[in-house]
Structures are given as structure tokens and as C-alpha cells.
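Asks:
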Amino acid sequence: MNVVLVIFDTLRRDHVGAYGNPWIHTPHLDAIAREAVRFTRAYPESLPTLPYRRAIHTGQRTFPFRGHRDLKGDFGGAPGWGPMHEDQDALAELLQEAGYRTALITDCYHQFKPSKNFHRGFGEWVWVRGQETDRFRSGPALPAGAIAAHVPGHYPPLHQRPDFFRQYLTNNLFRRDETDYYPARVFGEASRWVRENLDAEKFFLVVDSFDPHEPWEPPATYRRLYDPDDDVTDVIQSLYAPHAGVMTPRELRRLQANYAGEVTLCDRWFGEFMETLRLAGRLDDTLVIVISDHGHNLGLDPGDKGLVSKQGHPMTHAVADLVLLLRRPDRAQAGQTYDGFVTNTDVAATILASAGVDARTDGADLWPAVIGREPSRRTYVSIAWGPLMTVIDHEWWCNATIWGEEPLLYRVQDDPRLERNLATQHPEVVRRLIGLAVHDAGGTIPAYFSEFKNKPGCTPYLTRIQQGAEIRPL
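Counting in this note's numbering, the sequence shown runs from 10 upward without gaps.
1. Going by Cα to Cα distance, which pick from Pro73, Cys117, Leu316 is closest to Val135?
2. Compare the Cα-Cα distances from Gly254 to each of Pro165, Thr433, His322 and report the closest residue.
3. Excluding five sequence neighbours on each side, which residues of the same chain lie with their C-beta closer than 6 angstroms to the C-beta of Ala327?
4. Short of 7 angstroms in beta carbon distance, which residues of its chain neighbour Arg291, apart from the five on each side in sequence? Order them along the chain.
5. Could you give the first and the last residue of the continuous alpha helix (DSSP H) run that contains Asp172?
6. Give me whichever residues DSSP pairs with Arg62 in a beta bridge.
7. Kindly indicate the opening and closing residues of the beta strand (DSSP E) around Thr295.
8. Residue ranges of each alpha helix (DSSP H) run of no fewer than 4 residues wholly in the region 252 to 314, ordered along the chain?
9. Round the Cβ separation of Gln246 and His159 to the nearest angstrom and send it over; I've been treating them as touching at under 8 angstroms.
10. Quick check for students: name the residue ranges of the beta strand (DSSP E) that lie wholly in the region 313 to 365, counting only runs of 3 or more.
11. If you drop the 5 nearest sequence neighbours on each side, which residues of the same chain put their C-beta closer than 7 angstroms to that of Arg129?
12. Can you give me the C-alpha to C-alpha distance between Gly321 and Leu234, rounded to a whole angstrom?
13. Identify the continuous alpha helix (DSSP H) that holds Val195 and give its terminal residues.
14. Give me the Cβ distance between Trp376 and Thr354, rounded to the nearest whole Å; I'm assuming they're in contact under 8 angstroms.
15. Counting beta carbon pairs with one atom in the region 262 to 269 and one in the region 175 to 188, are three or more of them shorter than 8 angstroms?
16. If you drop the 5 nearest sequence neighbours on each side, which residues of the same chain put their C-beta closer than 8 angstroms to that of Ala368?
17. My understanding is that Ala393 touches Arg386, with C-beta atoms under 8 angstroms, so please give their C-beta distance in whole angstroms.
18. Leaving out five residues on either side along the sequence, give the residues of the same chain with a beta carbon under 6 angstroms from the beta carbon of Asp276.
19. Using three-state DSSP, classify Val379 as helix, strand or coil.
20. Can you pull the DSSP bridge partners for Ile16?
21. For the 8 angstroms Cβ check, are there 3 or more pairs between the region 334 to 343 and the region 49 to 63?
22. Could you pull the DSSP bridge partners for Thr115 from this structure?
23. Given this structure, state the Cα-to-Cα distance separating Leu59 from Glu284, to the nearest angstrom.
24. Checking the sheet assignment: what are the DSSP bridge partners for Phe48?
25. Do Val244 and Pro161 have their C-beta atoms within less than 8 angstroms of each other?
26. Which whole-angstrom value describes the C-beta separation of Leu418 and Cys407, a residue pair presumed to lie in contact below a C-beta threshold of 8 angstroms?
27. Does the beta-carbon of Gly139 have 16 or more other beta-carbons within 10 angstroms, so that it is buried, or is it exposed?
28. Could you pull out every unbroken alpha helix (DSSP H) segment of at least 4 residues lying fully inside the region 374 to 425, listed in chain order?
29. Just to confirm, are Val272 and Ile41 a CB contact at a threshold of 8 angstroms?
30. Assign Leu296 to one of two classes, buried (16 or more other C-beta atoms within 10 Å of its C-beta) or exposed (fewer than that).
31. Quick check on Leu286: buried or exposed, where buried means 16 or more other Cβ atoms within 10 Å of its Cβ?
32. How close, in whole Å, do the beta carbons of Arg426 and Trp405 come, if the pair is a contact with beta carbons under 8 angstroms?
33. Between the Cα of Pro224 and the Cα atoms of Asp402, Phe196, Val317, which residue gives the shortest distance?
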């Protein structure tokens, strides 16, 4: 059985039609969902980008970030941002040893920063250049007004980020039509690989699309599906902060439309890739798994808590809930849903089991539970973003530091938008759930975690600390 793993960065689950969104245009993701098992409680083991990928590429938990050391190219607010450990086997290495032809197609440039090794085990790997601040192009100079077209003049200096925009826009000066956008290039390379490797007896192909990660700058035709007017600055970048007092309501609507347009752009080129698999006759012998790594708050209140950011505290459904679709070659369980708890380590274990490869992982093959042969392995999940933990079980959603500070506790059935904090009423529940996260870390928290107490990364929690706010223990 061949395996195709498609990863979408920053794809919100509630922005996919198959997950109940009535207005988004995602016909190709919806189509595969009709032929697949749709998972409704899939979560990342750790966040953000590279900690997540370490777990899905090895099947082993990244948290508690053992062996951490600062390396060039690391993101200081996210322990676990480093390479896969040398004592960990990568899926691609294991599958290559089992006779699979392997390939990685991606524009996720973080995987190629100094010291990184996410290409391990791949017989071919293609890095589609230019995302975000990838040092892809140094010139020519941007035309006058290029940055101002995307940054409202009233933004405070903190949110103007001229160096970011200068690099990103310079990288993309060459774009002429839709085929020059990243989803077209990534899925186009994946389609090219399928056509050139028809002679492979069995293959493992990872297609890792950094979009719909910000900057959200789809072709205007896609944005106009959701916002047809051109009466506002074309806001394309996240604030990583509350939007109140920074963005006007009209600017916020434009940003939300740009994100939705980027999702539809990704869906369109994912559909082209799936059609390539079909025409090549590969869908009948290929396991296709589609998963996101996290989402992003877009100021869609109240669930997004007034934020345009992703962060470890407060953790929201928008960030934590993952898209996960599993389509088997025989379309078994097509159109069914699975409501048990799942993490990305389980996806790795499922891939290995499907390939008949026996290897140690921290996950479990999902298929026996999906078909009812075995009970669900998990009664809860824990999600780590540095020292910030989220623990979710069938009753509660708990978000706090690993030391139990700044606790947020919600009863999920009664409060699906996570609006009523019950931490002070139920301190024993907070202690129990954070205890589960410590258990997942092996029963101890490494001493170096204290280094990250004041720099948890990408989060309003960090802003509160920098402003001298008191950190509240339970």
C-alpha cells in the first residue's frame, strides 16, 4: 500500500465544509471526506510548527522537549523547535528501509533552517522557496507603496513590521498568475513527482503545504468570493495580539476574507493533486491522510477571544482543533466520523502499521478503534506549547502553565465556546488535569523549562508578562 500524507499548516477545522462550515468553498477536501473517515477530536501533541512536525515524522512525543538546546534558527519561545533527535527514527527512514520510494515536497521553510534535518529518509526532497522571511530574494527594491498596500497607516509601530513585509514581498515579486502561488507550486511539484514515479512498487509521499499560513495573500479572485469590495487596505498578516484598538472592523473583515480565500486556493490545488493520483491509477492502492498542524484565531468572537493570533494561552478551538481525514484505498468506513481523541503521533503509528512496519511510537494505529475492533486508546489529550499546557478530556478543557499558573477551566459540553472560566470553583480538577500533562512528560518537568517562563512565544500571555502583570497561581 502506498501512503500519501498531506499536511496543511494553519488550516482551521471550522473553515472546511466537511466539518460543517456552510459558506466556505472547499469542494475537494469535502470530496475526499466523503470517501474517508473524518476525525472530530484530533489535536496536536505539541506546538507550533516544528514541534508538531517532529512528532508526526517520528511518532514520538516532542513534549517535554528532552535534549533541548538552543540552535541557530531556533524560535526562542518554542522549545522543541530543533531537529529530530539522532536517536529517533524518522518515518521516511523506516519506510525507505522497508522498500518504499520516499519523497518530501514542501514550502515550510522552517524545516530547512540551520541545524534542521527534516529531509531525513527522503529519496527526493523539494523545497519550494520564498515563504514568509525565507531569504530567497534580495532584490530588486520594492516599488513605492508596496508595503503600505498591506499595512494600514494607523497601525502602531509594533504591528507595522517593515522588515518582514520587505522580505516577503521581495520574495514574491516574480508572481504573474495563480500558478506562481505557493499551493499551486507545492501541489504541482507533488503531481510532477507522482507522474515521474509511476514505476515505484510502493511509495511514501509527504506533501507539506505551509499555506494557509499567513501572510494571507491569495489571488484577488479568491478573496472576492468572501469580500467583493476593494475599499480597504489589503490586510494580510496576523497581529499576534487582540485586534481591538488596532484594526478597524472593516480591516478585520478583509483579513478574514483573505484567510478564507487562501483556504479555497489550497483546496483548489489539492484537488488538482488528487486528480493526478486518480488519473495515474494510484488512488486504488494508496492510503491518503490529510491533516492540519494547528489553526489561527481570526477575531471571530467570541470563540477567538478577540485575538488575531495563535498562542498557547489562552488556547482556543480555532488553534487546537485539527482537520484529519483518512482515506483507505478500499474506501472502508467512507463518510464515517470517529469521535475518539487522536494526536499526530497516532497518525505516524497508523502509517507504519499500514505499511507493515513494526516500530516503537508514542501513538497507536487508529484503524482498529475506527472499525470497533478495539476501544479508543485515549481518554484525554495533552497539548504543549513550551511551558503552556492544554489538557482536554470528555468533560473539561484546562489551559494553564505547567506549574498550574493562570488556570483556565471550561466544562466543554455546557460551554463549547470556552467563555466561562471555572478554575476557581474547581481547583482540584485543574490540579488533576495538569497532573496528566506532567505524567505525559514522564512524571517530571525538565529544569530548563524555567527559562521559558517569561517567553512562551506567540501569545498574549507573553504580552501580559512584559507589561508587568501579576502571574496568578491557582
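No residue lacks a Cβ here, since even glycine has one placed at the ideal position from N, Cα and C.
Bear in mind the structure is a predicted one, so any value in this text is a computation, not a measurement.
Replies: Short version:
1. Comparing Cα-Cα distances from Val135 to each of Pro73, Cys117, Leu316, the minimum goes to Cys117.
2. The shortest C-alpha separation from Gly254 is found at Pro165.
3. Short of 6 angstroms from the beta carbon of Ala327, and not among the five residues preceding or following it, lie these beta carbons of its own chain, in chain order: Arg21, Gly304, Asn306, Asp313.
4. Counting only Cβ-Cβ distances below 7 angstroms, and skipping sequence neighbours, we find Asn11, Val203.
5. Here the alpha helix (DSSP H) through Asp172 covers 171 to 180.
6. DSSP lists no partner for Arg62.
7. Here the beta strand (DSSP E) through Thr295 covers 295 to 301.
8. With a minimum length of 4 residues, the continuous alpha helix (DSSP H) runs that stay inside the region 252 to 314 are 258 to 288.
9. Gln246 to His159, Cβ: 7 angstroms. Contact.
10. Here the runs fully enclosed are 333 to 336.
11. Excluding positions up to five away in sequence, the list reads Met93, Ala99, Ala101, Glu102.
12. Cα-Cα distance, rounded: 31 angstroms.
13. If you look at Val195, you'll find it in the alpha helix (DSSP H) that goes 191 to 205.
14. Not confirmed; about 15 angstroms, so no contact.
15. The answer is no - the region 262 to 269 does not touch the region 175 to 188, with fewer than three Cβ pairs under 8 angstroms.
16. The residues are Gly68, Asp98, Leu103, Leu361.
17. Incorrect: roughly 19 angstroms between the Cβ atoms, too far for contact.
18. Sequence-distant partners of Asp276 (beyond 5 residues in either direction) whose C-beta falls short of 6 angstroms from its own C-beta, in its chain, are Thr35, His37, Leu38.
19. Helix.
20. Bridge partners of Ile16: Asp217, Ile300.
21. Judged by Cβ distances under 8 angstroms, the region 334 to 343 makes no contact with the region 49 to 63, as fewer than three pairs qualify.
22. In the DSSP assignment, Thr115 forms a beta bridge with Trp136, Asp217.
23. Approximately 30 angstroms between the Cα atoms of the pair.
24. In the DSSP output, where bridge partners are listed per residue, Phe48 has Tyr347.
25. One thing to note: Val244 has its Cβ within 8 angstroms of the Cβ of Pro161.
26. With 8 angstroms as the limit, Leu418 and Cys407 qualify as a contact, their Cβ atoms being about 5 angstroms apart.
27. So Gly139 ends up on the buried side.
28. Counting only runs of 4 or more, we get 376 to 379.
29. No, they are not a contact pair.
30. By the neighbour-count rule (16 or more Cβ atoms within 10 Å), Leu296 is buried.
31. That one is buried.
32. Their Cβ separation, rounded to whole angstroms, is 15 angstroms, which puts Arg426 and Trp405 out of contact at 8 angstroms.
33. Comparing alpha-carbon positions, the option among Asp402, Phe196, Val317 lying closest to Pro224 turns out to be Val317.
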